[in-house]
Every structure is written in structure tokens, then in C-alpha cells.
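Chemist: Mapping of the sequence shown onto UniProt numbering: position 24 corresponds to residue 24, and the numbering continues sequentially without gaps. There's a structure below that I have some questions on.
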Amino acid sequence: MIGRHRHGGGGRFGGGPGGMGGMGGMGGFGGEDGMPRGRKFSSDDLQLLLLAMLAEAPRHGYELIKALEDRSNGFYAPSPGMVYPALTYLEELGYATVELEGNRKRYALSDAGREYLASNRERVDIMLAKLTHFARKMDLVRRAYMGEEVDDAAADNGWAPELIAARRALKKALLLRTDASQEEQRRIAAILARATAEIEQNPAPKQA
């Protein structure tokens, strides 16, 4: 954990990083967006996301805010009051370097920051995938607001109906085993571990 500054995410609609839990999708067993309802990105999460954005290119603080907002299609835009203290802390740790351009600071990823980011690659990839998921939700909301017809696949944020049904069936099966013995829980855990390993064997192909 990097962690000193405790602050939440700045999304807009209530559940997940600032919002919109309960709209459907591929979430876990809390909110339907993959985060427990009301939970926001932690300070550590934000710091890692900032490092990930700096890995793409050096940026000013406002450019980092815009990059996160663009990646999430407007869903997640942390405030300057969250971002600048986080950047200062990353500089103190030696994970980011700063170049003054007039009265502005341009941040870049340091070698130490690149190493730290690499050591947290899986966690970062999951957060970036969530931002992409939220971006799809935002697109759906805007299309619905404009009165466009939305097909079933789009209504489920692009997830195939078969996958949605399988996820719901798994959730139901686990709920029905709330009082399972330790032995039964270990058996279920082994099944899920095998399924997870099989899913992760191949990189996820990008949707067209």
C-alpha cells in the first residue's frame, strides 16, 4: 500500500467509485458494478491510477483528471483536492518527478514509480477494467436519455446473455450454501479456483 491520504472517488451517480451501482453488469456480490455499494476508490487506488496515467505520458494535474474522466466516459473525475495531494505524496515517495513549466507542474513517472506500478500490475489492470466498464454504463445512460433504442446486449453493458445468466446462477448457488460446512466451502473454493484458472488461461479479446 502507498497510502496516506484517505479520500473517496469523485463519480456521479451513487455506488461504485461515486456511483451508479445497481444498473446491472458483471459485478461481484456487492454492487452490480463490481464494488460494494457506496464504496469509492481509496487513496491507494487513486495513486496507482495516477501512476498508470503517467506511464502513458507525462501530464499536468488537470490532464490527469481529464484522462481518468475520459477513460470512464465521464463517470469518474477525481477533484483537484484529491489529485494534487496524491501527486505531492507520489513525488515525496520518489514515484513521480516534477518539472516546472511557468506556474504549472508537469508530472512524469520515475524509475521507482515504474517498478512500483509493475509490482501492482494486476490490481491496476482490474481498476482500469472497471473504468472501462463504467464508461460503457455511461454510454448506455446517455443513449437511454436521448431516447435511443437499446438492444438486450447493450442493456447488459455488452455482456452476453449466457454470461449474465451464469453469473446469476453462481450467485444464487453460493447464497443457498450460506450455512455450508468448512469442508463444503473448501470444495466450492476449489471449483471456483479451477474455473478462474481456466478463464485466465487466455488474454481477454477486445470487443470490436
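Idealized CB from N, CA, C, for every residue including glycine.
Between the segment 110-129 and the segment 44-53, are three or more C-beta pairs nearer than 8 Å?
Modeler: yes
Chemist: Beta strand (DSSP E) containing GLU99: first to last residue?
Modeler: 96-101
Chemist: Apply the 10 Å Cβ neighbour rule to SER119 and answer buried if 16 or more other Cβ atoms are within range, or exposed otherwise.
Modeler: exposed
Chemist: Decide yes or no for the touch test of the segment 131-140 against the segment 68-76: beta carbon pairs closer than 8 Å, at least 3 of them.
Modeler: yes
Chemist: If you reduce the DSSP assignment to three classes, tell me which class GLY106 lands in.
Modeler: For clarity, residue 106 is Arg in the given sequence; the question names Gly instead. It is a strand residue.
Chemist: Give a yes or no on whether the C-beta atoms belonging to ALA55 and ARG114 are separated by under 8 Å.
Modeler: yes
Chemist: Residue 209 by DSSP, collapsed to three states: which one?
Modeler: Here the chain has residues from 1 to 208 only, and residue 209 is not among them.
Chemist: Taking VAL98 and TYR107 to be in contact with their CB atoms under 8 Å, please state how far apart those CB atoms are, rounded to whole angstroms.
Modeler: 6 Å
Chemist: Quick one: is SER43 buried, meaning 16 or more other Cβ sit within 10 Å of its Cβ, or exposed?
Modeler: buried
Chemist: State the beta-bridge partners of ARG168 as determined by DSSP.
Modeler: Looking at the DSSP assignment, ARG168 forms no beta bridge with any residue, so it has no partner.
Chemist: Using the C-alpha atoms, what's the distance from THR132 back to LYS66?
Modeler: Computed Cα separation, rounded: 15 Å.
Chemist: Round the Cβ separation of ALA61 and LEU87 to the nearest angstrom and send it over; I've been treating them as touching at under 8 Å.
Modeler: At residue 61 the sequence reads Gly, which differs from the Ala that was named. Right, the Cβ-Cβ distance comes to about 6 Å (below 8 Å), so this counts as a contact.
Chemist: Less than 8 Å between C-beta atoms, sequence neighbours within five positions excluded: which residues of the same chain meet that for PRO80?
Modeler: GLY61, TYR62 and ILE65
Chemist: Along the alpha helix (DSSP H) that carries GLY81, what are the first and last residues, could you check?
Modeler: 80-93
Chemist: Can you check DSSP and say which residues form a bridge with HIS60?
Modeler: ARG106
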